[in-house]
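These notes are about the structure you will find just below.
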Amino acid sequence: MEKLHAKKCRRVVLVPFPLQGHLNPMLDLANILHSRGFSITIVHTKFNFPNPADHPDFQYVPISDGISNWDISASNLVRLASTINTNCKDSFRKCLTQMMQQQQEEKQNDQVVCIIYDFLMHFAETVENQMSLPSIIQRTSNAAALLAFCKLPRLRAEGYNCLQDSTSDELVPGLQPLRFKDLPTASMGSLDNFLQLIAVVCNTRTSSAIIWNTTDCLEHSSLTQLQEHYNVPFFTLGPMHKMALAKSSNLVIKDDNNCIEWLEKQAPHSVIYVSLGSIATLDQKELTEMAWGLANSDQPFLWVIRPGLGSGSDAHLPEAFQELTGDRGCMVKWAPQKDVLAHPAVGGFLSHCGWNSTLESISEGVPMICKPYFVDQKMNARYLTHEWGIGIELDEMMQRTDVAKAIRRILVEEEGSRMRQKVIALKEQIKHCIKEGGSSYNSLNELVQFISSF
């Protein structure tokens, strides 16, 4: 199937949730659609507003959110989502009204044809429905996570009392290989509030379709089950970072590209890359155990220690750690992760297992050490370790001996070689999905046709 473009100039308005793990795939989608002829407007909260200079071809519009400083953690993510949806509805309506009036007055050709919104920004659907505009949901987590979320209210109604048991190894009925302790309910604060949010995000309401940052080769079963539940088209465009032609913005801190120069000096598949994302924190004990685990592994490491990774103002690395590890270690505040994972020196990724990081690692054929924290991360880790067989999970209580052992299992031992063979096989399947004739490529053509039909 040939590459399809918009038949005439059409504008799509995208509404991302203002956290790094949500913004990146939305910007990837924006780049993908822009490459197919669509004009792009990004409507973003003033909170965590990205740098428009990173994407000069896009129109950026800020909307008021009523948020000043916000301490991001697992326990207050539900409250953040609720606050944004309450505060942004009116400002988004005014923004969209002004945009459409201006287009009519100036007789612009690129009329707004639809709204694509992050599944957590559901106020956008209410507004577009009032303005008779079609909308599409973007799912930034994987299909298995949504399948689990949709199951939670039924499990509670059926009397399962271990929904918030972070230690239960019992398998969740109908969600194998997930255990109850893999569900996000233990880390998200009030169960009632979380289930209220789940009820909203699992409902498509009047939206016309769902866009997924996943692939059929990884999640065929979950996607099939969900398609039976949702009576709207699915467009699986993953991995979006591979489909996009330009890089995404960074809300956290500027990439330190010096680590690439350090990687050039390392042997193939010898380095463990360590990054726990933009939200997770380590207390002083965890920070110390991680550091000595890296030191005791005797393997080269690239460790992202972003500002705020250590919880508490006095969090610090152990004395003599840097002296002991010397040039064997490279520590940066933030790394160009896609470039790092694509580097031949990297042999493993110790990760929080956010879905973006998971896709990026699989796409480059890099096995993972899993240290998940909240939301979908524990579910992703379970799939990595027990469904795809390309990961090792660390215990909840991080110990230096476990960290060192896991690193050596991935980088040195035969087990790591077998995992690498498996993940390279998945990498090849993904390459087939995104090339001409592959499932993601074809799905993008179908999405272009779908939006052009509005």
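Mapping the sequence shown onto numbering that gives the first Met the number 0, position 345 (from 1) lands on 344, and the numbers just tick up by one.
C-beta: ideal position from N, C-alpha, C; glycine also.
Check: Would you check whether the ligand MG has a heavy atom nearer than 7 Å to the C-beta of L262?; Outcome: Only the bare structure without any ligand can be found here, which leaves the ligand MG out of the picture.
Check: Spatial neighbours of T213 within its chain, please: C-beta separation below 7 Å, excluding the five flanking residues on both sides.; Outcome: N141, A142, T235 and G237
Check: How close, in whole Å, do the beta carbons of I210 and R138 come, if the pair is a contact with beta carbons under 8 Å?; Outcome: 7 Å
Check: Counting only runs that start and end within the segment 120-182, where is the beta strand (DSSP E) found for 3 or more residues in a row?; Outcome: 134-138
Check: Go through its chain and collect everything with a Cβ distance to A144's Cβ below 6 Å, but skip five positions before and after it.; Outcome: D375 and M378
Check: I'd like the list of long-range same chain contacts for V339, defined as Cβ closer than 8 Å, with 5 residues on each side in sequence excluded.; Outcome: C258, I259, L262, Y272, L301 and V345
Check: With distances taken Cα to Cα, identify the nearest neighbour of G325 among L196, G347 and N295.; Outcome: N295
Check: Assuming S134 and S38 are in contact, meaning their beta carbons sit under 8 Å apart, how far apart are those beta carbons, in whole angstroms?; Outcome: Not a contact, Cβ separation roughly 17 Å.
Check: Would DSSP call I61 helix, strand or coil?; Outcome: It is Pro, not Ile, that sits at residue 61 in the sequence shown. Note: P61 maps to strand in three-state DSSP.
Check: Please classify W387: does DSSP put it in a helix, a strand, or coil?; Outcome: coil
Check: Determine the direct distance from the alpha carbon of S451 to that of A29, and round the result to whole angstroms.; Outcome: 15 Å
Check: Quick check on the DSSP output: the alpha helix (DSSP H) that includes Q428 runs from which residue to which?; Outcome: E413 to I433
Check: Can you tell me whether E392 is helix, strand or coil according to DSSP?; Outcome: strand
Check: Kindly indicate which residue of E359, A319 and G347 has the alpha-carbon position closest to the one of P335.; Outcome: E359
Check: Can you give the Cα-Cα distance for K93 and R155, rounded to whole angstroms?; Outcome: 40 Å
Check: Distance, Cα to Cα, Q321 vs H315?; Outcome: 12 Å
Check: Would N50 be called buried (16 or more neighbouring beta carbons within 10 Å of its own) or exposed?; Outcome: exposed
Check: Anyone know if the C-beta pair for I62 and T82 falls short of 8 Å?; Outcome: no
Check: With 16 other CB atoms within 10 Å as the buried threshold, where does S220 fall?; Outcome: exposed
Check: Do you know offhand how far E127's Cα is from L383's?; Outcome: 38 Å
Check: What is the rounded straight-line gap between the Cα of F516 and the Cα of P17?; Outcome: The question about residue 516 has no answer, for the chain in this structure spans 0 to 453.
Check: Going residue by residue through the segment 266-298, where are the continuous beta strand (DSSP E) segments of at least 3 residues, counting only ones entirely within it?; Outcome: 270-274
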